[in-house]
Each structure stands twice: as structure tokens, then as C-alpha cells.
DNA sequence: CCAACCTTCACGAACGATCGTTAAGTTAGA
DNA sequence: TCTAACTTAACGATCGTTCGTGAAGGTTGG
């Protein structure tokens, strides 16, 4: 279990970074939001950079956990490519919507990382990309996905999911459940998913 | 014609903002990059905020000009919806790739704008969204686009195009021309474009 | 049992550096 | 002589970081 002070600090830093961006964020404000003095913050984190690093790490952990849970729910690596891609798209869309601040930091503040820490983060980002790449390539190989451009389709799907963090508002007209369903459908449309051995139209 | 000093300043500010973000950018660095003193900068722009504002305005002007030119090339508002959407996607993809720094500032630094200037920028952003919305709705109305989710498809197409500014490198394996073509195809796939009165397959 | 000690957690004060901005003055061309 | 273009110098504020201090609480040695 993480100490309460540390959790409060991460939450405060998340808000501050999400609102103003890393460069404009003040660690004095972060400490104040967390209800402690500036120096107390240095007891938990050795500086502004490490605060960002911890935030990105924690965000990545949560994201991978979300996707893994959704993947397990459809049967893990043994599921059909369309099921797996759908699970990844659903988990990603939901994560971007439910953790907008977290996601925006993950997506926008990469450039604020120092060189050494950026290297590690880049590796995790590549893993995240593979979450989409694997089922798409499997679908191409099995003949269920017909897109001639798997790489660009993958990037398109990822971009569509990621953008959710920037525009979706829970109090808007669109239910999160509906959005997730639509994104799954759109992703399957983009990779030109057509079930084999059947001429029946896919359900709407 | 803009004074040379002003142009150099905008270029320097663009680089600095793109590399470090607005918050971390230093106007001293910007002035130095432009080859002038800090105070000389104040002769042209009244401060950091106005520098960002000018940059966003100039970027938007260029973007709209690019799209307008591409739209004109296919026949303007009289062209078929698929042609129009293709033109907008092509122009946007090309713009994001050829003006990556410009685009990233347009896409990421909105939050650094003060309230008053943000209002004006929001209006221009809405106009940009309409560039995609109009042909998509026209395609739905004419029966050539069959997507059940025009709004989410539109957001997906826009996100796909915008993401180009973050990943595309001109020295990479993919030609810009190829990327543009593929994005146009993917966009038409996403809105489920099927030409009317013909069973012939669309060209690949 | 108790005194000495260490670690954890927190504080206020101050460091030097850099920030955005302004003032006052100089130069060069119309 | 007027003005645009540009200079150096300095302003106060805020930045991230460091230092020294000390209260609280558990552990250890005699």
C-alpha cells in the first residue's frame, strides 16, 4: 500500500500537469494541492522530473492492467483476432474516457521526459502499440481482415481511441458504453473485417 | 510582406514552442534563435502570449489555405462527397506531415491560450471540423456513405490525420504521396463509401 | 526499565537561477 | 526631425532545489 501522502501527491500532480502542462506546472502548487509543504514533497519524490516519471509509470501500469482485463474477458490470446482487437479498442476507449487527465499526460507530456527516462517510456509505448498490432496481423494472416494497409489502419485506430481523452465529456449526449461499442465497430470497419465462411451481414 | 525580423521571430518561436512546449519555452531563447535581442522581440510582439496567438493564427491561415486549394482542385463544393472528403483528408494529412512543428502547436498548445483568445481560436477550430463534417453528411444524405456513426467516424478520420504530425518522418520508409493516398482510402473505408449505380469494385 | 539512537515525515527559510516584462537610450534611414 | 529597429540594463516575481531543524515513533543496548 502506498502512503497516503504519496497518493495525494500523485493525484495533485496529475491535476496540475493536466491543466497547465509540465512546463507551466509549479511544484509549489502541487504540494499545496496535496495539502503539504513544498519540502515535504521532496521527501517522497526527488524533484519535478521524478514526479512526472512516477505519473507516467503509474498511468502505463493502469492502462496495461485495463487492457489485460478486457483481453482476459474474451479469452486471452486464444480468442479470434476480431475479438481481441475489439477488446483492446474497447479497453483503450474506456480508459481514455474514464481517466482523461491520466491519459492526456501519457499522450502529451512524453516530450518533457529527460533522455534517460524517455528511453524506458518509449519501450512501454512500443508494447502498447503491439497490443493493437498483434491482433491486426493475426486477422490479416487468418484472412478475416482485408485492409491493404495494416500499419496505417492500426495507427488510425489508435489515434481514434486516444483522441477520446481530448473531447469526450461524461455529461455529454453520448453514453460511454455506446461510444465504446461504436469504436469497436469502427475499428473493425477500418481493418475491413469480414467473418469467414458466411455471407450473412454482420449485426448492427 | 512581413518584415524579415518578424518572420524570423515566428519561425524561432515555432521551433521553441514545438520542442519544449509553451510553458517551458523561453522568450530569451526565441529572440536568440531569431538573431536579435530580447527587447527587439517586444518591438514586434507585445509578449509571449501574443507570440503564441500569432503562431496559431498563422498556422490556421495556412491550413485553411491548403484545404481550400485541394478542394478547388477537385471542383469545390460541386464535387461529389467522396471527392470532397478525399480532398480534405489529403490536404490535412499532407499539412500535418509537411508542417509538423506548426501542426503540433496548433494541436497541443490550445490550452496555453488565454481565455479571450481561446474563444476566437475555438471558432476557427469549429470551422476546421466542418471541413470534414460537411462532405460526410452530404455523403450520408446522398446514400454513398453508409456508416451508422457519422460523428464518431468523422472524429476518427480527423484523429488519424492529426496524428501524422506526431509520428511521420519524411526520411522514413513511407513516401508522403503514398501516405496521403492510403489515408484517403482509409477515410472512405471508415465512412463506408460505396459508389452508387455500379457493382464494380473501387480501384486499388 | 530506560535512555540513546535511528528513521520517517514534516516544516520554514533561503539559495541562485531564470522567468516575463519594462524603461531608457542609440542607431539608421526617409 | 520623425520613426522604425534595436540596444543594454534592470525590475520584481517565481522557479526548482537545498539546508537545517525538529516532532513522533519504533528499535536497540545496557
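Protein chains in written order, with our numbering: chain E, 1 to 204; chain S, 1001 to 1204.
All C-beta atoms in this analysis are idealised placements derived from N, C-alpha and C, irrespective of residue type, glycine included.
CA nearest to the CA of residue i, picked from the options
i, options, result
"residue 1109/S", "1014/S, 1022/S, 1008/S and 1006/S", "1022/S"
"residue 188/E", "161/E, 165/E, 172/E and 171/E", "161/E"
"residue 1135/S", "1011/S, 1191/S, 1007/S and 1034/S", "1191/S"
"residue 1154/S", "115/E, 150/E, 143/E and 159/E", "159/E"
"residue 5/E", "24/E, 32/E, 26/E and 25/E", "32/E"
"residue 1164/S", "1075/S, 1146/S, 1091/S and 1052/S", "1091/S"
"residue 1182/S", "24/E, 149/E and 12/E", "149/E"
"residue 1015/S", "1101/S, 1077/S and 1118/S", "1101/S"
"residue 1186/S", "1116/S, 1093/S and 1140/S", "1093/S"
"residue 1010/S", "1050/S, 1116/S, 1121/S and 1180/S", "1050/S"
"residue 1012/S", "1020/S, 1018/S and 1030/S", "1030/S"
"residue 131/E", "65/E, 98/E, 46/E and 143/E", "65/E"
"residue 171/E", "120/E, 97/E, 147/E and 70/E", "97/E"
"residue 1068/S", "1053/S, 1079/S, 1196/S and 1087/S", "1087/S"
"residue 1071/S", "1061/S, 1084/S and 1063/S", "1084/S"
"residue 117/E", "146/E, 54/E and 42/E", "54/E"
"residue 1089/S", "1040/S, 1104/S, 1133/S and 1121/S", "1133/S"
"residue 1122/S", "1156/S, 1178/S, 1169/S and 1057/S", "1057/S"
"residue 1144/S", "1114/S, 1062/S, 1081/S and 1077/S", "1081/S"
"residue 140/E", "45/E, 193/E and 113/E", "193/E"
"residue 1124/S", "1106/S, 1138/S and 1044/S", "1106/S"
"residue 1078/S", "1166/S, 1138/S and 1156/S", "1138/S"
CB contact below 7 Å: residue i versus chain S
i, result
"residue 156/E", "yes"
"residue 33/E", "no"
"residue 21/E", "yes"
"residue 160/E", "yes"
"residue 186/E", "yes"
"residue 152/E", "yes"
"residue 52/E", "no"
"residue 202/E", "Only weak support exists for where residue 202/E lies, its pLDDT of 45 falling under 50; the value from the coordinates is given anyway. With 7 Å as the cut-off, residue 202/E does not count as an interface residue toward chain S."
"residue 103/E", "no"
"residue 24/E", "yes"
"residue 168/E", "no"
"residue 9/E", "no"
"residue 85/E", "no"
Three-state class that DSSP yields for residue i in the structure shown
i, result
"residue 1113/S", "coil"
"residue 1099/S", "coil"
"residue 1004/S", "helix"
"residue 1019/S", "helix"
"residue 1204/S", "At residue 1204/S, the pLDDT of 42 sits below 50, so the modelled position is not reliable and the matter cannot be decided from this model."
"residue 44/E", "helix"
"residue 86/E", "helix"
"residue 1039/S", "helix"
"residue 1067/S", "helix"
"residue 224/E", "Because residue 224/E is not part of the residues shown, which for chain E are 1 to 204, the question remains open."
"residue 1025/S", "coil"
"residue 1034/S", "coil"
"residue 1010/S", "helix"
Residue-level contact to chain E via CB, residue i, 7 Å cutoff
i, result
"residue 1176/S", "no"
"residue 1163/S", "yes"
"residue 1123/S", "no"
"residue 1149/S", "yes"
"residue 1056/S", "no"
"residue 1182/S", "yes"
"residue 1107/S", "no"
"residue 1193/S", "no"
"residue 1131/S", "no"
"residue 1190/S", "yes"
"residue 1012/S", "no"
* Uninterrupted alpha helix (DSSP H) stretches inside the region 1115-1196 of chain S (no shorter than 4 residues) -> 1115-1142, 1150-1167 and 1176-1190
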